[in-house]
Each structure stands twice: as C-alpha cells, then as structure tokens.
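Notes to accompany the following structure.
Numbering (the numbering used here), first residue to last: 12 to 350.
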C-alpha cells in the first residue's frame with residue numbers, strides 16, 4: 012500500500028502542475044463562497060455551476076443577503092440546477108448561522124455538520140478550502156479513485172465500503188497544505204480517474220494502482236444494476252390569455268417543491284385529447300405529462316395564495332422547473348401562431 016507521505020506528495024505535485032486554480036469560489040475562498048459552491052456542485056458539473064455561482068454571488072453576496080431574500084427569489088436563481096432542496100437548505104443554512112453563530116462559520120467538523128444541508132463531505136470541504144485545515148473529503152471522484160487505487164469491491168455507497176473509504180480519507184489527509192491537497196484529490200478524480208475511459212497513462216498514481224495492475228480499472232468501482240424506471244402520468248391545465256399564464260406554487264414537500272408550475276388537475280372529461288404532451292425522467296421514475304387548455308375565466312383554478320396570473324415577460328422571476336420552462340415557451344409560441 013502506498014505510504015501516506017508518497018500519496019500526499021503525488022497529489023500536491025499533480026495539483027501544482029495540472030490542478031484547477033482559477034475557479035470563482037477559490038478567490039476568495041471564504042466559508043460562505045465554499046458552502047455555496049459545494050452545495051451547487053452536488054450532482055452538477057463544474058462547468059454548469061460556474062455561471063450560476065457568479066449570478067448567485069451578485070444577488071446574494073453575503074449570508075445576510077441570502078437570509079433576507081424571499082423564497083421565490085432564491086428558487087428563481089436556482090432554476091436550471093435541479094435538486095431544488097439544495098437551494099432551500101442554503102437559505103436555511105444562512106439563517107441558522109446568523110441565529111446560532113452570529114453570521115460566522117464554526118471551524119470544527121462536528122459543529123459544521125449541524126448546519127442545514129451540510130454533511131460529512133461538505134464539512135470537510137469547508138475545513139479544507141475555507142480554513143486550510145485538516146478535513147477529509149469523500150465524494151464521487153474520491154470514491155472512484157480510492158476504489159481503483161486499492162481495488163475495493165462492492166458498491167461505493169454500501170455501508171461497509173463507505174466506512175473503508177472514509178477511513179482511507181482520514182488516513183491519507185495531511186495536517187498541512189489541506190486546501191491544495193483536497194483540490195488535487197478532486198481534480199485527479201475528475202480529470203484523470205474518470206468514470207469512463209480513465210487516463211491511466213497520464214496518472215501519477217499508476218504504479219501504485221491495484222486496479223491498473225490487474226487491468227480492472229473499467230470494472231471498478233462496482234456498478235449498481237440499473238432497474239427499469241416506472242412511469243407516472245400527470246395532467247396539467249394551461250390557462251393562457253392576454254399575454255398571461257396561470258401558475259401554481261407547488262407544496263413545500265414533494266415533486267418540484269416550492270416551484271411554480273402549471274396547475275395540476277384531474278384528467279378533464281370534456282376534451283378528447285390533451286393539447287400538448289411532455290415527458291421527463293426523474294431519478295426514480297419517468298413522468299408523462301398531458302397539458303389541457305382551459306379558459307381562465309371558466310377555470311376551476313382561481314388566483315390565490317398558491318396560484319397567480321403571470322405576465323410572460325415576468326416568467327424569468329419565477330422559479331419554474333427548467334425542462335417545463337422550455338416546453339411552456341414552445342407551447343405559448345404555438346398558441347400565438349394558431350390565433
């Protein structure tokens with residue numbers, strides 16, 4: 012097994028030569044900026060996150076700005092990133108830190124994990140990137156790298172494997188140069204030890220990698236067997252008149268929680284077929300949506316706390332799920348052409 016000193020030296024050398032040094036959240040690497048970037052980077056690629064991060068910081072440059080913003084403002088800025096619970100957790104985190112830590116971030120790993128939305132990885136990332144202190148991290152990139160380097164069998168998220176990966180992370184994380192080490196570890200996993208077609212010929216860990224030695228780099232980490240996703244059907248009402256559209260704010264829990272969407276309805280009995288259809292794949296199921304036209308003045312849906320008539324030019328200020336926003340734009344264009 013590679014020694015701790017050799018591993019750290021290889022990672023730091025790689026980071027200096029080929030790591031990412033100019034990401035917007037690195038300059039400055041304040042705890043708040045690191046928190047926002049890490050929450051955004053969950054389930055989302057760096058290149059996608061960068062413009063969202065920059066827009067976020069323009070509107071919510073501090074914890075106080077975020078804490079005082081409306082939920083609709085926050086959700087509108089998150090529109091397109093998906094996994095919207097992350098945005099709500101960020102706002103909860105800002106209010107928690109103001110109420111419990113006077114707007115400061117604790118630097119203790121256990122205290123950091125008390126912040127809403129902050130788990131073991133994010134706490135380690137804040138310690139490493141913001142404070143340059145010892146903070147082990149295990150994300151998808153690190154799991155993949157360790158599973159190959161040490162030929163670890165089993166699903167990376169299984170409890171036994173997860174425990175071993177964190178043990179390795181704690182063992183190899185140095186007590187110095189933590190910011191550079193953590194960035195180098197993530198960069199090596201994302202740019203060399205990739206899920207598909209890992210660039211083993213360029214990897215400085217090649218001579219220590221058991222998976223490479225056994226020609227198993229394409230087998231590890233162990234992959235989960237994919238199951239066919241079930242299909243769910245839903246019906247929505249499209250009330251569009253005089254340049255306005257009726258939107259409904261979804262409940263705080265469940266699908267598209269707290270976002271604005273076409274009102275969901277029971278299947279109408281007075282129309283032969285839906286005017287529009289759409290399909291979308293979620294993590295655990297597929298949705299087939301049917302969209303039915305409705306006259307706003309005759310609709311059972313009335314403007315209320317949860318429904319609102321919105322001018323088309325104001326749609327950008329409402330947090331509408333991005334896949335549906337694209338469909339809505341297309342549907343409205345078609346309706347205009349049919350006039």
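Where a beta carbon is used, it is the ideal one built from N, C-alpha and C, also for glycine.
{"query": "Leaving out five residues on either side along the sequence, give the residues of the same chain with a beta carbon under 6 Å from the beta carbon of residue 227.", "result": "none"}
{"query": "Since residue 95 and residue 86 should fall inside the 8 Å C-beta cutoff, what is the C-beta to C-beta distance between them, to a whole number of angstroms?", "result": "6 Å"}
{"query": "What first and last residue would you give for the beta strand (DSSP E) that runs through residue 229?", "result": "Counting along the chain, residue 229 falls outside any beta strand (DSSP E), and DSSP gives it neither H nor E."}
{"query": "Please confirm whether residue 301 and residue 338 have their CB atoms less than 7 Å apart.", "result": "no"}
{"query": "Could you have a look at residue 149 and say whether DSSP puts it in helix, strand or coil?", "result": "coil"}
{"query": "Under 8 Å by Cβ, that's how I've got residue 141 and residue 42 pegged, so tell me the actual separation to the nearest angstrom.", "result": "4 Å"}
{"query": "Leaving aside the five residues before and after residue 333 along the sequence, list all residues of the same chain whose C-beta is less than 8 Å from its C-beta, in chain order.", "result": "90, 91 and 93"}
{"query": "Compute the Euclidean distance between the alpha carbons of residue 19 and residue 60, then round it to the nearest angstrom.", "result": "28 Å"}
{"query": "Return the chain-ordered list of same chain residues with a C-beta closer than 8 Å to the C-beta of residue 82, the five sequence neighbours on each side being excluded.", "result": "99, 102 and 269"}
{"query": "Mind checking whether residue 200 and residue 160 have CB atoms under 7 Å apart?", "result": "no"}
{"query": "Rounded to the nearest angstrom, how far is the Cβ of residue 231 from that of residue 162, given a contact under 8 Å?", "result": "7 Å"}
{"query": "Buried or exposed for residue 152, please, with buried defined as at least 16 other CB atoms from any protein chain shown within 10 angstroms of its CB.", "result": "buried"}
{"query": "In the DSSP assignment, find the unbroken beta strand (DSSP E) run with residue 11 in it and report its ends.", "result": "Because the chain is modelled from 12 through 350, residue 11 falls outside the range shown and cannot be assessed."}
{"query": "In terms of residues, what are the limits of the alpha helix (DSSP H) holding residue 144?", "result": "Looking at the DSSP string, residue 144 is not in any alpha helix (DSSP H), and its letter there is neither H nor E."}
{"query": "What whole-angstrom Cβ distance do residue 45 and residue 193 have, given they're in contact under 8 Å?", "result": "Not a contact, Cβ separation roughly 10 Å."}
{"query": "Determine, using beta carbons only, whether residue 196 and residue 22 come nearer to each other than 7 Å.", "result": "yes"}
{"query": "I want to see whether chain C comes within less than 7 Å of residue 305, judged by CB atoms only; does it?", "result": "Protein chains in the displayed structure number just one, and chain C is not present."}
{"query": "Do the region 292–301 and the region 237–246 meet, that is, are 3 or more Cβ pairs less than 8 Å apart?", "result": "yes"}
{"query": "Roughly how many angstroms lie between the CA atoms of residue 202 and residue 286, to the nearest whole one?", "result": "45 Å"}
{"query": "Could you check which residue in 256, 54, 211 and 238 has the C-alpha nearest to that of residue 346?", "result": "256"}
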